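So the sequences go chain by chain: G and S. Quick note: the first sequence uses our numbering, first residue 178, plus one each step. Quick note: the second sequence uses our numbering, first residue 2, plus one each step. Scroll down for the structure; my scribbles are underneath it.
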Amino acid sequence: MSSQNPFDLPGVEIHWCPGCGNYGALRVLKETLLESGLTPDQVVIVTGIGQAGKTNHFMNANSFNGLHGRYLSTALGIKASNPTLKVIAISGDGCTYSEGGNHFIHAIRYNPDILNIVHNNGVFGLTKGQASPTSAKGYVTRAQAFGVYNTPINAPAIAIALGASFVARAFVGDMDKTKEIYKEAMNNKGYTLIEMFSPCVSFNHVNTFQWYKENTCYLDEAHDPMDQAAALNVVLREGKLALGVIYRNPTLTTFNQNIRIYETDDRPLYTRDVDMEKIKELVDSFR
Amino acid sequence: MWKIQDEITIVLCGAAGQGIQTVEDGLVAVSKKSGYHVFSSREYMSRVRGGVNSTSIRIASKPVRAFVDRVDILMPLTEQAIQHVKDRLTSKSVLIGEETYLNSSECGDCPKIEISYQDIAKEIGNVQYSNIVSLGVMSGIIDADEDAMHACIANLFPKKGEQIIQDNVRAADEGFKVAKSWIEEDKLPGVEIAKDPTIKDNLVLDGTDATALGALAGGCNFETFYPMSPSTGIATYLAQKALDFSLIVDQSEDEISAMNKSIGASFAGARAMVTTSGGGFSLMNEGLSLCGATELPLVIVVGQRPGPATGMPTRTEQGELEHVLYAGSGEFPRVIFAPGTIEDEFYLTQNAFNIAEKYQVPVFLLPDQYIIDASYDIPSLALDDLKVEKHFIKTSEGYIRYEFTETGISPRGIPGHGEGLTIADGHTHSEDGHITEDPIIRSKMVEKYCKKLDQLKKDVIPPELSGNPDYKTLVIGWGSTYYPILEALERIGKNDVAFLHFKQVYPVHESAIEYLQKADRRIIIENNSNAQFGNLLQLETGIKMDARILKYSGYCFSVEEITEKLAVILEE
Numbered sequence: 178m179s180s181q182n183p184f185d186l187p188g189v190e191i192h193w194c195p196g197c198g199n200y201g202a203l204r205v206l207k208e209t210l211l212e213s214g215l216t217p218d219q220v221v222i223v224t225g226i227g228q229a230g231k232t233n234h235f236m237n238a239n240s241f242n243g244l245h246g247r248y249l250s251t252a253l254g255i256k257a258s259n260p261t262l263k264v265i266a267i268s269g270d271g272c273t274y275s276e277g278g279n280h281f282i283h284a285i286r287y288n289p290d291i292l293n294i295v296h297n298n299g300v301f302g303l304t305k306g307q308a309s310p311t312s313a314k315g316y317v318t319r320a321q322a323f324g325v326y327n328t329p330i331n332a333p334a335i336a337i338a339l340g341a342s343f344v345a346r347a348f349v350g351d352m353d354k355t356k357e358i359y360k361e362a363m364n365n366k367g368y369t370l371i372e373m374f375s376p377c378v379s380f381n382h383v384n385t386f387q388w389y390k391e392n393t394c395y396l397d398e399a400h401d402p403m404d405q406a407a408a409l410n411v412v413l414r415e416g417k418l419a420l421g422v423i424y425r426n427p428t429l430t431t432f433n434q435n436i437r438i439y440e441t442d443d444r445p446l447y448t449r450d451v452d453m454e455k456i457k458e459l460v461d462s463f464r
Numbered sequence: 002m003w004k005i006q007d008e009i010t011i012v013l014c015g016a017a018g019q020g021i022q023t024v025e026d027g028l029v030a031v032s033k034k035s036g037y038h039v040f041s042s043r044e045y046m047s048r049v050r051g052g053v054n055s056t057s058i059r060i061a062s063k064p065v066r067a068f069v070d071r072v073d074i075l076m077p078l079t080e081q082a083i084q085h086v087k088d089r090l091t092s093k094s095v096l097i098g099e100e101t102y103l104n105s106s107e108c109g110d111c112p113k114i115e116i117s118y119q120d121i122a123k124e125i126g127n128v129q130y131s132n133i134v135s136l137g138v139m140s141g142i143i144d145a146d147e148d149a150m151h152a153c154i155a156n157l158f159p160k161k162g163e164q165i166i167q168d169n170v171r172a173a174d175e176g177f178k179v180a181k182s183w184i185e186e187d188k189l190p191g192v193e194i195a196k197d198p199t200i201k202d203n204l205v206l207d208g209t210d211a212t213a214l215g216a217l218a219g220g221c222n223f224e225t226f227y228p229m230s231p232s233t234g235i236a237t238y239l240a241q242k243a244l245d246f247s248l249i250v251d252q253s254e255d256e257i258s259a260m261n262k263s264i265g266a267s268f269a270g271a272r273a274m275v276t277t278s279g280g281g282f283s284l285m286n287e288g289l290s291l292c293g294a295t296e297l298p299l300v301i302v303v304g305q306r307p308g309p310a311t312g313m314p315t316r317t318e319q320g321e322l323e324h325v326l327y328a329g330s331g332e333f334p335r336v337i338f339a340p341g342t343i344e345d346e347f348y349l350t351q352n353a354f355n356i357a358e359k360y361q362v363p364v365f366l367l368p369d370q371y372i373i374d375a376s377y378d379i380p381s382l383a384l385d386d387l388k389v390e391k392h393f394i395k396t397s398e399g400y401i402r403y404e405f406t407e408t409g410i411s412p413r414g415i416p417g418h419g420e421g422l423t424i425a426d427g428h429t430h431s432e433d434g435h436i437t438e439d440p441i442i443r444s445k446m447v448e449k450y451c452k453k454l455d456q457l458k459k460d461v462i463p464p465e466l467s468g469n470p471d472y473k474t475l476v477i478g479w480g481s482t483y484y485p486i487l488e489a490l491e492r493i494g495k496n497d498v499a500f501l502h503f504k505q506v507y508p509v510h511e512s513a514i515e516y517l518q519k520a521d522r523r524i525i526i527e528n529n530s531n532a533q534f535g536n537l538l539q540l541e542t543g544i545k546m547d548a549r550i551l552k553y554s555g556y557c558f559s560v561e562e563i564t565e566k567l568a569v570i571l572e573e
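As structure tokens, this is what we get:
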């Protein structure tokens, strides 16, 4: 199937280490896009900096590879300017939660119609193995010589507490279930977070594929994603990390709906022209 | 008693929150509608209540467009007022106000007239009308047209209902009568300023209005900002007009986000602008670099105020030229405009969007607090010839965003417009927009940026020479000091002195070197401590300035101050 996928970029040399979780993440993304019926010209992949931030260079679609931590702001600007585009913002835990922590929090508040996939590997890969904001306490690296002493960030908990539109967690080691989650996420309108466990085989020797297999579990059918308190409980509780669609908040309006100018006219900004007569009237009001 | 002829300067000085701005707006409108030219500028503290702020309003028979120290009438509205403006007072400055505000040892021999606006206002029905009583007094002093005054008061309170407007009109009439009686009794000098009815229809704009209107006329449809003096007003004005002009205005969580949002918008084809000040722009530096790398059009307004860091938030300085010129990592082209007039604010902002699109570069506007808050009347703005130039294409399959071309400018695609794909990257990238570390492509990509700068240099606004083209001494200025320097030179009246003003400060126009070479002596005037533009001129032309007049107190130059300092240098 993948050989006929228009989102494939033939002949591209992928920069990731052999065995990196990101290969699977790229595959599941491209397959989900193919099955969504979208074409590469209708999609914009917006990426940050880090290994996950290179995703757009290894696939075929419109894309913008922006700054470390700032890609969500760029994605917001793109979606706001052209509501017809499907905007998918992808980067890692370092980019999104550390450098971009403020933008992450505020992107949730804006509720843009953006799918945000955050590859979480618990380590800085591109800069060779320093702790990330999701590294566990005690995790020793060359930079964190005495072990990590900061409390790891719990991004899904932040997102749920802020009433995000959609919060899910997936593990790249299980492609079938991950694709189901991606598909559901693709159909959500509003800020959609998928935190994707995507192990780093070069630097994180704690949170390995095997570790995630042993330390994750899928939510059972009794879980009600509309229940914010229950969702928060799922991500705060001790024990195995829950996978699946954890939280949904259907009560929100999206950023583009709040912008108002699209209420009566859904054309993208680039198609619009200035009405000089109206500007003349406005200038004349200063007489 | 003496007569005040041809022009008068009235200074209102009070605390924040006293409603000085309403009175200022009222007096500016009344003056213009009476057929006078008018100029108004303010200096104020960074606080919402209290302190001492002042507004200077020049009313004249000829156009007046610069701040002067001169005070003909001072209206102190707080006990600290006289102390605050004492250095500007002369024996011919008349002080008018409540008794308590006139009791200052700093008055010298200034004539004083006591009035209780509050008592008059109370008699009419409400102490809240005090400000309008004072507006009436000032209207009486300048022999304003009474009908014009009534009309302006109705405009000041459009939603207050008939009764309140009538009461305010009565309050103004009462003040007007009082002022007239003072002149009759020879307590106050009479004012003789010729009226010109054609002025009534002039526009009165401040720098904020002119920039915002320029942005709209330039097709701006995406504006992001984080509130920061002195440029917040541009964003809030646009926010009020967002639905009328189909524009998105977004107050972001910080300047970093504002910058990156506007870059995203520009990528998607919006005509994007960010408005900030020096401190906020510090946070945008990284984004500026991204804008350079991705070759996206963007208009950046940096309203200058004194730094470093928080500096003096509501004061003025021309201190950000080097900041915006050198900001961002790496090497990439940019354009910097510095408006010197209200018309410049409008036309340069309008044009900034076209230049940004044409060359796919960031374009800066560098106004400062002084010019942003200053207003005066102008006959009109010519809108008929303005064009919103769109420089993007509908892509077809196989499109590559960063194609190497003769000019360095690649046809700009927009995602979702055409069958091609648009790929942008902040890394060094290949022609197709994908990341590369190939040294040959890297070199060609850097050369592409350089070629764009060469193109930009062909499209620079030349500096404007005022005065004798066979000058011996050349005075040089940029941005907001245009009218203060011009008026100072008129006062000095030396035939061998000319003035060269730059409204585009980067790239520097190629004619600069000839202008500078021709002079025996070159004097640079700047509202900063280091002559940033003088240094840039030296860098670009190899010619050093011979003398510098610099001010970095956080306050603007007055015409008198430039006159005095220039006169000293010219005597040397």
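Just so it is clear, CB atoms sit at the ideal spot from N, CA and C, and this is done for glycine as well. The structure presented is a predicted model; accordingly, all values stated were derived computationally and were not measured.
Judged by their CB atoms, G427 (chain S) and Y403 (chain S) are not nearer to each other than the 8 angstroms cut-off. The residue among S:K181, S:H430, S:Y37, S:S381 with its C-alpha nearest the C-alpha of F405 (chain S) is S:H430.
DSSP, read as helix, strand or coil, puts C394 (chain G) in strand. Taking the C-beta atoms as reference points, G555 (chain S) is found nearer than 8 angstroms to T317 (chain S). The bridge partners DSSP lists for A345 (chain G) are G:I371, G:V422. Within the same chain, and ignoring the five residues on either side of D345 (chain S) in sequence, the residues whose Cβ sits closer than 7 angstroms to its Cβ are K504. Looking at the backbone, the Cα of C221 (chain S) and that of A271 (chain S) are separated by about 8 angstroms.
The alpha-carbon separation between L297 (chain S) and I394 (chain S) amounts to approximately 14 angstroms.
In the three-state reduction of the DSSP assignment, Q533 (chain S) falls in the helix class, which pools H, G and I. DSSP places Y507 (chain S) in the uninterrupted beta strand (DSSP E) bounded by 505-507.
For S253 (chain S), there is no enclosing alpha helix (DSSP H), as DSSP marks it with neither H nor E.
For D455 (chain S), no CB of chain G lies under 8 angstroms from its own CB, so it is not counted at the interface with that chain.
Between Y389 (chain G) and G350 (chain G) the beta-carbon gap is near 6 angstroms, inside 8 angstroms, which marks them as a contact.
Inclusion of N242 (chain G) and G269 (chain G) in the CB contact set at 8 angstroms is not warranted, their separation being larger than that value.
Under the DSSP assignment, P329 (chain G) falls outside any alpha helix (DSSP H); it carries neither an H nor an E label. Taking each of S:L299, S:V53, S:E100 in turn and checking the Cα distance to V12 (chain S), the smallest one comes out for S:V53.
Contact annotation: in the stretch 142-173 of chain S, no residue has its CB less than 8 angstroms from a CB in chain G. Among the residues of the stretch 417-451 of chain S, those with a Cβ less than 9 angstroms away from any Cβ of chain G are G417, H418, G419, E420, G421, L422, T423, I424, A425, D426, G427, H428, H430, G434, H435, I436, in the order of the chain. Partner residues in a beta bridge of E565 (chain S), as assigned by DSSP, do not exist. Contact between Y447 (chain G) and I415 (chain S) holds: their C-beta atoms lie close to 5 angstroms from each other, under 8 angstroms. Annotation for A61 (chain S): D7, E8, Y37, H38, I194 place their beta carbon closer than 7 angstroms to its own, counting only its chain and skipping 5 residues before and after. One thing to note: R444 (chain G) has its Cβ no nearer than 8 angstroms to the Cβ of L244 (chain S). Between the alpha carbons of Y248 (chain G) and S481 (chain S) lies a gap of roughly 36 angstroms. If one requires a minimum length of 4 residues, the alpha helix (DSSP H) runs lying completely within the stretch 11-64 of chain S are 21-34, in chain order. For the 8 angstroms CB-CB criterion, I544 (chain S) and L517 (chain S) form a contact. Sequence-distant partners of L210 (chain G) (beyond 5 residues in either direction) whose C-beta falls short of 6 angstroms from its own C-beta, in its chain, are F184. Interface annotation, I265 (chain G): not in contact with chain S, CB-CB separation never under 8 angstroms. Sequence-distant partners of T295 (chain S) (beyond 5 residues in either direction) whose C-beta falls short of 8 angstroms from its own C-beta, in its chain, are I264, F268, A425, D426, G427. A buried status is given to W479 (chain S), since no fewer than 16 other beta-carbon atoms sit within 10 Å of its beta-carbon.
For A273 (chain S), the uninterrupted beta strand (DSSP E) segment begins and ends at 273-278.
Contact annotation: Q319 (chain S) and N529 (chain S) have beta-carbon atoms nearer than 8 angstroms.
Of all C-beta pairs linking the stretch 328-337 of chain G to the stretch 374-386 of chain G, fewer than three are shorter than 8 angstroms, placing the two stretches out of contact.
Put simply, the backbone Cα of K458 (chain S) is about 45 angstroms away from that of V31 (chain S). Note on the stretch 318-378 of chain S: whole beta strand (DSSP E) runs with a minimum of 3 residues are 336-338, 363-366, in chain order. Listed along the chain, the chain S residues whose CB falls inside 9 angstroms of the CB of H283 (chain G) are S253, E254, D255, S258. In the three-state scheme derived from DSSP, where H, G and I count as helix and E and B as strand, I143 (chain S) is classed as coil.
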